[in-house]
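Chemist: Please read through the structure below; I'll follow up with questions.
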Amino acid sequence: MRSPRPVRSAGAFEYGMWLFTRISGLVLMIFGAMSMGMAFSLGGRRYLDMPSFLRWTFFPNPNHVVNSDIPDVSLGWSNAFWQIYSMVMIFLAAVHAVNGLRMVLEDYLQNSLLIAMLRFLLLVILVGALIVAIYVILAS
Amino acid sequence: MALSRRVSLGAALRYKGKEGMLNWLLHRISGLGILLFAGTHVVVSFFGQQFGSDVAFAINTVYESWPFQIFVYFCVLFHALNGSRLAVMDLFPALIRFERELVWLQWILFFPAYGLPVYFMVQNTLAGV
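Here the protein sequences line up with chains A and B, keeping their order. So the first sequence is numbered by the working numbering: it starts at 1 and just counts up by one. So the second sequence is numbered by the working numbering: it starts at 1001 and just counts up by one.
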């Protein structure tokens, strides 16, 4: 029997991300339900197939649909409310995902230099993804 | 400092973690599955739209195929249900006493919500819709 491994206390950053993961998960489900409701009210039940419906549920944006019989897809979504809504949704989802990937990676890595480099790489990916998302939302 | 894991597969499967361990493992796999799908979807859409790349369209047909969609739907639904159970248990710690019952409730909610769309997906595929 080996002696128990010493565990460092997690610190404010880990506690903050722990809390963020829980809250963002719950908020994302509420946001998904709301954009699903908006897709319904834009005529989703009659004019959309299931994949297009889910595209709008997870990313409510007029360009994020192929195959729709709705006459003008940009009519409902192209206003400040839904643009800010999409940005908040993408921010929560991207940070939730990148933080989850960071936790999985750090569970299997021991080299602290490698961990620091991966954290930097993930931060670059996160910021890049957010810039692309904001460009896509504002350009549509 | 990370914990080193030199555990054989057989020992890992014999570990009596019960439903908590199974859900932890599935939560991790489903999270990575969603990340895989969403990441490739964003990259492929970019290259498909900007350059009309053939590789992008080839990958597109892979993740739009029904077996991949069944996998993605499992990941999203399981991650959402298990994540909400975890969040509720962490924010209201009095509920941790009822973890087993909550896990059973989670699977009771999961099976009809997962099984019905999968049934229709397979039926449509077999009927050639």
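Glycine is no exception: its CB is placed at the ideal position from the N, C-alpha and C atoms.
Between Gly25 of chain A and chain B, is there a C-beta pair that is closer than 7 Å?
Modeler: yes
Chemist: Can you check whether the C-beta of Ser9 of chain A is within less than 7 Å of a C-beta belonging to chain B?
Modeler: Chain B contact via Cβ: absent.
Chemist: Return the residue from the list A:Arg46, A:Val65, A:Arg22, A:Ala12 that minimises the CA-CA distance to Ala1087 of chain B.
Modeler: A:Arg22
Chemist: Met36 of chain A touches chain B at which residues, Cβ-Cβ below 8 Å?
Modeler: What Met36 of chain A touches in chain B: nothing, since even the nearest Cβ is about 13 Å away.
Chemist: What residue range is occupied by the uninterrupted alpha helix (DSSP H) comprising Pro62 of chain A?
Modeler: Note, Pro62 of chain A: premise wrong, no alpha helix (DSSP H); not H, not E.
Chemist: For a cutoff of 7 Å on Cβ pairs, would you count Leu1095 of chain B as touching chain A?
Modeler: no
Chemist: Can you give me the start and stop residues for the alpha helix (DSSP H) that Glu1064 of chain B sits inside?
Modeler: Premise fails: Glu1064 of chain B is in no alpha helix (DSSP H) and is neither H nor E.
Chemist: May I ask you to report which of helix, strand or coil DSSP gives Ser68 of chain A?
Modeler: strand
Chemist: Who are the near neighbours of Cys1075 of chain B in its chain, counting only those whose CB is closer than 6 Å to its CB and skipping five residues on each side?
Modeler: Ser1030, Gly1033, Ile1034
Chemist: Please report the straight-line C-alpha distance between Asn161 of chain A and Ala12 of chain A, rounded to a whole angstrom.
Modeler: In the structure as shown, chain A begins at 1 and stops at 140. Residue 161 of chain A is therefore absent and cannot be evaluated.
Chemist: Classify Phe1078 of chain B as buried or exposed, calling it buried when 16 or more other Cβ atoms lie within 10 Å of its own Cβ.
Modeler: So Phe1078 of chain B counts as buried.
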